[in-house]
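Q: Those protein sequence lines, which keep their order, are chains A and B. With numbering that gives the first Met the number 0, the residue at position 325 of the first sequence is 324, and numbering never jumps. With numbering that gives the first Met the number 0, the residue at position 41 of the second sequence is 40, and numbering never jumps. Have a look at this one.
Protein chains: 2
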Amino acid sequence: MKLDKLVGDRFKEKPADCVIDSHALMLRGGYMKSVANGIYSSYLPLRRITHKIEEIIREEMDAIDGQEVQFPVVMPASLWQESGRYESVGSELLRFTDRNGGAYVLGMTHEEAAVHLVREYGQTYQKYPFMIYQIQTKFRDEGRPRAGLIRVREFTMKDAYSFHTSQADLEQYYDRCHKAYERIFARAGIPEVISVASDSGMMGGSISHEFMLLTPVGEDSIVICNECDYRANMEAAECIVHNDRDEVSEELGLVHTPDIHTIEDVCNFLHSPKEKSCKAVVYQKKADDSFVVLFIRGDLDVNETKLTNYLGAEVYPAVITEECGLHAGYTGPVNLKVNAPYVVLYDRSLQGANNLSCGGNQEEYHYVGLDMTRDLPNAEYHDFAKVVEGGVCPHCGKHSVTISRGIEVGNIFQLGTKYTKAMNMTYLDSEGKTQNPIMGCYGIGVGRLAASVCEAHHDAYGPIWPMSIAPWQVHICAMRADNAEVRAFADSLYDTLQKAGVEVMYDDRSVSAGVMFSDADLLGVPVRVIASPRNLKDGCCEIVTRDKSISMKVPCEEAAEKVRELVAELLAKNNAD
Amino acid sequence: MKLDKLVGDRFKEKPADCVIDSHALMLRGGYMKSVANGIYSSYLPLRRITHKIEEIIREEMDAIDGQEVQFPVVMPASLWQESGRYESVGSELLRFTDRNGGAYVLGMTHEEAAVHLVREYGQTYQKYPFMIYQIQTKFRDEGRPRAGLIRVREFTMKDAYSFHTSQADLEQYYDRCHKAYERIFARAGIPEVISVASDSGMMGGSISHEFMLLTPVGEDSIVICNECDYRANMEAAECIVHNDRDEVSEELGLVHTPDIHTIEDVCNFLHSPKEKSCKAVVYQKKADDSFVVLFIRGDLDVNETKLTNYLGAEVYPAVITEECGLHAGYTGPVNLKVNAPYVVLYDRSLQGANNLSCGGNQEEYHYVGLDMTRDLPNAEYHDFAKVVEGGVCPHCGKHSVTISRGIEVGNIFQLGTKYTKAMNMTYLDSEGKTQNPIMGCYGIGVGRLAASVCEAHHDAYGPIWPMSIAPWQVHICAMRADNAEVRAFADSLYDTLQKAGVEVMYDDRSVSAGVMFSDADLLGVPVRVIASPRNLKDGCCEIVTRDKSISMKVPCEEAAEKVRELVAELLAKNNAD
Numbered sequence: 000m001k002l003d004k005l006v007g008d009r010f011k012e013k014p015a016d017c018v019i020d021s022h023a024l025m026l027r028g029g030y031m032k033s034v035a036n037g038i039y040s041s042y043l044p045l046r047r048i049t050h051k052i053e054e055i056i057r058e059e060m061d062a063i064d065g066q067e068v069q070f071p072v073v074m075p076a077s078l079w080q081e082s083g084r085y086e087s088v089g090s091e092l093l094r095f096t097d098r099n100g101g102a103y104v105l106g107m108t109h110e111e112a113a114v115h116l117v118r119e120y121g122q123t124y125q126k127y128p129f130m131i132y133q134i135q136t137k138f139r140d141e142g143r144p145r146a147g148l149i150r151v152r153e154f155t156m157k158d159a160y161s162f163h164t165s166q167a168d169l170e171q172y173y174d175r176c177h178k179a180y181e182r183i184f185a186r187a188g189i190p191e192v193i194s195v196a197s198d199s200g201m202m203g204g205s206i207s208h209e210f211m212l213l214t215p216v217g218e219d220s221i222v223i224c225n226e227c228d229y230r231a232n233m234e235a236a237e238c239i240v241h242n243d244r245d246e247v248s249e250e251l252g253l254v255h256t257p258d259i260h261t262i263e264d265v266c267n268f269l270h271s272p273k274e275k276s277c278k279a280v281v282y283q284k285k286a287d288d289s290f291v292v293l294f295i296r297g298d299l300d301v302n303e304t305k306l307t308n309y310l311g312a313e314v315y316p317a318v319i320t321e322e323c324g325l326h327a328g329y330t331g332p333v334n335l336k337v338n339a340p341y342v343v344l345y346d347r348s349l350q351g352a353n354n355l356s357c358g359g360n361q362e363e364y365h366y367v368g369l370d371m372t373r374d375l376p377n378a379e380y381h382d383f384a385k386v387v388e389g390g391v392c393p394h395c396g397k398h399s400v401t402i403s404r405g406i407e408v409g410n411i412f413q414l415g416t417k418y419t420k421a422m423n424m425t426y427l428d429s430e431g432k433t434q435n436p437i438m439g440c441y442g443i444g445v446g447r448l449a450a451s452v453c454e455a456h457h458d459a460y461g462p463i464w465p466m467s468i469a470p471w472q473v474h475i476c477a478m479r480a481d482n483a484e485v486r487a488f489a490d491s492l493y494d495t496l497q498k499a500g501v502e503v504m505y506d507d508r509s510v511s512a513g514v515m516f517s518d519a520d521l522l523g524v525p526v527r528v529i530a531s532p533r534n535l536k537d538g539c540c541e542i543v544t545r546d547k548s549i550s551m552k553v554p555c556e557e558a559a560e561k562v563r564e565l566v567a568e569l570l571a572k573n574n575a576d
Numbered sequence: 000m001k002l003d004k005l006v007g008d009r010f011k012e013k014p015a016d017c018v019i020d021s022h023a024l025m026l027r028g029g030y031m032k033s034v035a036n037g038i039y040s041s042y043l044p045l046r047r048i049t050h051k052i053e054e055i056i057r058e059e060m061d062a063i064d065g066q067e068v069q070f071p072v073v074m075p076a077s078l079w080q081e082s083g084r085y086e087s088v089g090s091e092l093l094r095f096t097d098r099n100g101g102a103y104v105l106g107m108t109h110e111e112a113a114v115h116l117v118r119e120y121g122q123t124y125q126k127y128p129f130m131i132y133q134i135q136t137k138f139r140d141e142g143r144p145r146a147g148l149i150r151v152r153e154f155t156m157k158d159a160y161s162f163h164t165s166q167a168d169l170e171q172y173y174d175r176c177h178k179a180y181e182r183i184f185a186r187a188g189i190p191e192v193i194s195v196a197s198d199s200g201m202m203g204g205s206i207s208h209e210f211m212l213l214t215p216v217g218e219d220s221i222v223i224c225n226e227c228d229y230r231a232n233m234e235a236a237e238c239i240v241h242n243d244r245d246e247v248s249e250e251l252g253l254v255h256t257p258d259i260h261t262i263e264d265v266c267n268f269l270h271s272p273k274e275k276s277c278k279a280v281v282y283q284k285k286a287d288d289s290f291v292v293l294f295i296r297g298d299l300d301v302n303e304t305k306l307t308n309y310l311g312a313e314v315y316p317a318v319i320t321e322e323c324g325l326h327a328g329y330t331g332p333v334n335l336k337v338n339a340p341y342v343v344l345y346d347r348s349l350q351g352a353n354n355l356s357c358g359g360n361q362e363e364y365h366y367v368g369l370d371m372t373r374d375l376p377n378a379e380y381h382d383f384a385k386v387v388e389g390g391v392c393p394h395c396g397k398h399s400v401t402i403s404r405g406i407e408v409g410n411i412f413q414l415g416t417k418y419t420k421a422m423n424m425t426y427l428d429s430e431g432k433t434q435n436p437i438m439g440c441y442g443i444g445v446g447r448l449a450a451s452v453c454e455a456h457h458d459a460y461g462p463i464w465p466m467s468i469a470p471w472q473v474h475i476c477a478m479r480a481d482n483a484e485v486r487a488f489a490d491s492l493y494d495t496l497q498k499a500g501v502e503v504m505y506d507d508r509s510v511s512a513g514v515m516f517s518d519a520d521l522l523g524v525p526v527r528v529i530a531s532p533r534n535l536k537d538g539c540c541e542i543v544t545r546d547k548s549i550s551m552k553v554p555c556e557e558a559a560e561k562v563r564e565l566v567a568e569l570l571a572k573n574n575a576d
């Protein structure tokens, strides 16, 4: 198509609210427009990109025996009540009533709908295994949408659900799907995506992986071992701590610590390192506001995902008032009193430690000389801590952990029987016994994947789209289209390439070279052909790639063939990656 | 793929709640499953059909210079407030609030979103005309979903929006789109679809057309002239009535009519035809409950769409209580009193009539001898009546009108500047003057189109899908797949056809011929190959088409080639129609 007909504006200025490059470039390049917080409309270039991504996903899902289906966006609450998630999921699940007062939700994931669709079908073991998937709009009422298409409220997602009669069969399929995901990301132009162990969160189930594009602007923290192949999301990464216990345990004693509230203050005041302090972090449960007092070594932070998983309940940072009996900044495990229901938890980082400081449970006093073993003999220890850079790898045991940032571009879960049990989906096994099928589920966000590719492949001037998902394959710049020779050559090339099935964007506007090239840069089409009066004098045109790796002068009569070769080559490269 | 792996059940029994065949067949054939009232999930066969329909639509929209975009399903109420439709549209617009209390709607149509997307882009006349479209999920909170995919609450729709600088340019594009629609329906296998003039309803604008598949089970009534090319939806069709005025007007007089309430009763009692009565139909406005008393000739019915359009307000059948002053069954235009705000309207069918009966505005009395001209000299007449079979064609004036039923499979509207004015979208014309662009909009429901094709093309055993949208192109039935020869031939044919890019469903189950054929009938694949021990003995297989028009024995070695030819032929036929 011709660029002067492309609906959407391109502009130079970086919009003020963009924190990552892909967001800014996709607004500046006329890819999308914000409609509401976390809700976008797409223009043609983005729709073409997402359409190609959808086709890649479809091919790879079909190749692992997936059957495409479609679930509704709007689902009756009753379906989510069957699984228990109507109550258990927070306000990110959008609930509403229809004209007759019926309760409904907007689909943010479709495990319930999947079980609903197949529970009559899958009544005998011979029907298994099978996998169904859809590519469909979802809505998740995010509290903090951000970063353009990376974290939105409305999005297009491929979600797949597999059903099995044994854990072994699920694991085998899970591996097949893992490989299909690697192919999808490679074909979409980001073979560098890695998979990491993850927390299953609200999905339930045990083993799960996230596919991560490592980038400093990612939202997730990824724990990576430099010595072995251990990789996990911070939320799921086990924290290993070795405590050096002092030979002599001091006596427990109170110290007057006026105006001292933070761990930093206490440790400075006492001239002891943070590793020698016992920090209190206080939460309340969302369900009943009861208190959760968690003690952890002073240099470490709480991983709230681990805490939530351990409790099986959502928490929020406690509101400490006079009535509750706690003293903010002075809470410790010895002589702790709370005037309300509460639980006390201990992180493993404290296990066996001695000569620690901790809150005195009264204003302006701290204890010193705390010996966990001696003073709190009944304490039980669990892993609640965030892994730190340079920490111990839970896999190989070396101090070899680094922490990177990543964007999650896909995830796969072994769900087990959580949904089939709750929703009473059963089959008769080969011995005539009633069983619940075992499920896996597999997601990829289409728009987020597009934005991630842009994040991974761009320069200051615009995206550098891989051939496989580029909105167009070739971009013809006719410099001075008022020149008859330029016009004739460019028109003919446009025509020839289109007839050959090449997707061509043709810029024949009367604009300056600067405007022409900056628009081409923003559209990020991989192959560019420049026809100018100067080159045509030599019977040549220029062919350059958006990533600058190729730049050549080609005789005009060879241009179409050369372009076709280049397109085919770059496409093959994406598919081979 | 192999039929024994296809997720979904096929069954014989017609589900109880199905009023039309396509609904029953699509449930019986494992095409879809109900999730809630008017909300369905689709299995693979239907998803493949809708995917093909979507691709046909996409090609035809691209061919008329459409640019595919995507609007959100969830839109902020503010966008609909800009156009005024947040208030004016009824409860079919689903309104809800998000987690922060923000007001949102579920998109049932996207004029507002379209204007929002392009109002910065379209600021100068050089950018025009342009058309954007999307294929996306919509939700319309129907009061009475029915007939399977014909009237649902959640559906996939192609909606397109064009923008112009003159009415002439809109009309030219409207015609192009009209032709594109004809191609779409022809390619989808229903070239018999006709276009009819329609009422623009809540969309606003003036000229509009609906594309109708004529079928006795259709929801819409279509007025068709047998003498000229006049075709209109009943809602929009003008009603022409010629009254024969009696030479002598009788005197107006009251008659005692005890226990007589209906027009039938009155006319029987007075021994006069219904054409000689003046019927009152009473409504109240939804907005303020004020009364609307409409008088119409006794043999005609009120077209409520015309009434609503005239009033510019929604109405409901009046609740007549003692307080309001009206007497149910005895309401007439002479000495009418209503103890509440009200308007009186007269249908054109009464204009000039005399010697009519009408209600006496008191219990148990009617007037006779009513002369509209003499007794109600100030009455204004408008067209509020429903066209009747055998009525007068408003185009050629002959008594040649027939009424058919139809399913609306698409619609196109000339919207004018309703949305661009309301939402303040402007451009500078060639003389530097500020103007509002003129819009058109164009819709096709994808699922409804699939169901309509099924409705038009099925038999008692299942759908007869056209090759262009069939879920698979070829269905191989291996009768007695345990027979080595059958297995070898069918496996090899399956393999050969798949490698040739033919879409094959392969049934190699050990089931009876009856089960095998009834399943094949329900899947409705256009070309069927039957391999049986008996035929193979003669070195042959059978090739039959689902519509029974072709049935032949073909030597095994020619089967693959013959099937490919047949597929290509049938595909070409759909594209040529």
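Each residue gets a CB set at the ideal place from its N, CA and C atoms; glycine is no exception.
Check whether the Cβ atoms of residue 127(B) and residue 67(B) lie closer than 8 angstroms to each other.
A: Taking the second sequence and counting its residues from 1, the one referred to as residue 127(B) is at position 128. Taking the second sequence and counting its residues from 1, the one referred to as residue 67(B) is at position 68. It is not a contact, given that the beta carbons lie outside the stated cut-off.
Q: Please confirm if residue 115(B) has its CB atom under 8 angstroms from at least one CB of chain A.
A: By one-based count along the second sequence, residue 115(B) stands at place 116. Closer than 8 angstroms to some Cβ of chain A, the Cβ of residue 115(B) qualifies, so yes.
Q: If the cut is a Cβ gap below 8 angstroms, which residues of chain A does residue 74(B) touch?
A: In the second sequence, the residue the question calls residue 74(B) occupies position 75. 34, 35 and 38, listed in chain order.
Q: Given a cut-off of 8 angstroms, decide if residue 262(A) and residue 275(A) are closer than it, judged by their beta-carbon atoms.
A: Mapped onto the first sequence, residue 275(A) falls at position 276. Mapped onto the first sequence, residue 262(A) falls at position 263. Going by C-beta atoms, residue 275(A) is not nearer than 8 angstroms to residue 262(A).
Q: Please report the distance separating the alpha-carbon of residue 110(B) from that of residue 356(B).
A: Position 111 of the second sequence, counted from the start, is the residue given in the question as residue 110(B). Position 357 of the second sequence, counted from the start, is the residue given in the question as residue 356(B). C-alpha separation (whole angstroms): 48 angstroms.
Q: Leaving out five residues on either side along the sequence, give the residues of the same chain with a beta carbon under 6 angstroms from the beta carbon of residue 546(A).
A: Locating residue 546(A) in the first sequence gives position 547, where the first residue counts as 1. Same-chain partners within the cutoff: 463.
Q: Cβ of residue 562(A) within 8 angstroms of Cβ of residue 549(A)?
A: Here residue 562(A) refers to the residue found at position 563 when the first sequence is read from its first residue. Here residue 549(A) refers to the residue found at position 550 when the first sequence is read from its first residue. No, the pair does not count as a contact, with Cβ atoms beyond the cut-off.
Q: 8 angstroms is my cut-off, CB to CB: does residue 110(B) come that close to chain A?
A: By one-based count along the second sequence, residue 110(B) stands at place 111. Chain A, which has no Cβ nearer than 8 angstroms to the Cβ of residue 110(B), makes this no.
Q: How many whole angstroms separate the CB atoms of residue 8(B) and residue 120(A), which I take to be in contact at a CB cut-off of 8 angstroms?
A: For the purposes of this step, residue 8(B) is taken as residue 9 along the second sequence, with counting starting at 1. For the purposes of this step, residue 120(A) is taken as residue 121 along the first sequence, with counting starting at 1. Confirmed, Cβ separation roughly 5 angstroms.
Q: Taking the Cβ atom as the reference point for each residue, do residue 506(B) and residue 475(B) lie within a distance shorter than 8 angstroms?
A: Locating residue 506(B) in the second sequence gives position 507, where the first residue counts as 1. Locating residue 475(B) in the second sequence gives position 476, where the first residue counts as 1. Going by C-beta atoms, residue 506(B) is nearer than 8 angstroms to residue 475(B).
Q: Quick one: which chain B residues come within Cβ less than 7 angstroms of residue 97(A)?
A: Start at 1 with the first residue of the first sequence, and residue 97(A) comes out as number 98. Residues of chain B passing the Cβ test: 93 and 140.
Q: Under the rule that 16 or more other beta-carbon atoms within 10 Å means buried, what is residue 533(A), buried or exposed?
A: The residue you call residue 533(A) lines up with position 534 of the first sequence. Answer is exposed; the Cβ neighbour count stays below 16.
Q: I need the boundaries of the beta strand (DSSP E) containing residue 405(B), first residue and last residue.
A: In the second sequence, the residue the question calls residue 405(B) occupies position 406. Taken as a continuous stretch (DSSP letters only), the beta strand (DSSP E) holding residue 405(B) covers 400-415.
Q: Do residue 367(A) and residue 254(A) have their CB atoms nearer than 8 angstroms?
A: In the first sequence, the residue the question calls residue 367(A) occupies position 368. In the first sequence, the residue the question calls residue 254(A) occupies position 255. Result yes, Cβ atoms of residue 367(A) and residue 254(A) sit closer than 8 angstroms.
Q: Return the chain-ordered list of same chain residues with a C-beta closer than 8 angstroms to the C-beta of residue 395(B), the five sequence neighbours on each side being excluded.
A: For the purposes of this step, residue 395(B) is taken as the residue at position 396 of the second sequence. Closer than 8 angstroms at Cβ, skipping near neighbours: 224, 226, 227 and 229.
Q: If you measure between the beta carbons of residue 468(B) and residue 48(B), is that distance less than 8 angstroms?
A: On the second sequence, position 469 is the one that residue 468(B) refers to. On the second sequence, position 49 is the one that residue 48(B) refers to. The answer is yes: Cβ separation under 8 angstroms.
Q: Does residue 300(A) have its Cβ less than 8 angstroms from a Cβ in chain B?
A: The sequence position of residue 300(A) within the first sequence is 301, counting from 1. No, no contact with chain B.
Q: Alpha carbon to alpha carbon, how far is residue 305(B) from residue 599(A)? Give it in angstroms, no decimals.
A: Residue 599(A) cannot be examined here, being either before or after the span of chain A that is shown, 0 to 576.
Q: Can you pull the chain A neighbours of residue 153(B), defined as C-beta to C-beta under 7 angstroms?
A: The residue labelled residue 153(B) in the question sits at position 154 within the second sequence. Neighbours of residue 153(B) on chain A, chain order: 71, 72 and 73.
Q: At a CB-CB cut-off below 7 angstroms, which residues of chain B make contact with residue 7(A)?
A: For the purposes of this step, residue 7(A) is identified with residue 8 of the first sequence, where counting begins at 1. Within 7 angstroms Cβ-Cβ: 120.
Q: Going by DSSP in three states, residue 260(B) sits in which element: helix, strand or coil?
A: In the second sequence, the residue the question calls residue 260(B) occupies position 261. Here residue 260(B) sits in coil by DSSP.
Q: What three-state label does DSSP hand residue 265(A) in the structure shown?
A: Translated into the one-based positions of the first sequence, residue 265(A) becomes position 266. Correct three-state label for residue 265(A): helix.
Q: Pull up the CB-CB distance for residue 292(A) and residue 343(A), whole angstroms please, since I reckon it's below 8 angstroms.
A: Along the first sequence, one-based indexing puts residue 292(A) at 293. Along the first sequence, one-based indexing puts residue 343(A) at 344. About 5 angstroms separates the two Cβ atoms, so the contact holds.
Q: Would residue 53(B) count as contacting chain A if we go by Cβ distances under 8 angstroms?
A: Here residue 53(B) refers to the residue found at position 54 when the second sequence is read from its first residue. Answer no: the Cβ-Cβ gap between residue 53(B) and chain A never drops below 8 angstroms.
Q: Answer yes or no: do residue 172(B) and residue 440(B) have a C-beta to C-beta separation smaller than 8 angstroms?
A: Numbered from its first residue, the second sequence carries residue 172(B) at position 173. Numbered from its first residue, the second sequence carries residue 440(B) at position 441. No. Outside cutoff.
Q: Among the candidates 336(A), 34(A), 113(A) and 33(A), whose CA atom is the shortest distance from the CA of residue 436(A)?
A: Taking the first residue of the first sequence as 1, we reach residue 436(A) at position 437. The candidate whose alpha carbon is nearest that of residue 436(A) is 113(A).
Q: Going by Cα to Cα distance, which pick from 397(B), 215(B) and 100(B) is closest to residue 455(B)?
A: By 1-based counting over the second sequence, the position of residue 455(B) is 456. Ranking the options by Cα distance to residue 455(B), first place goes to 215(B).
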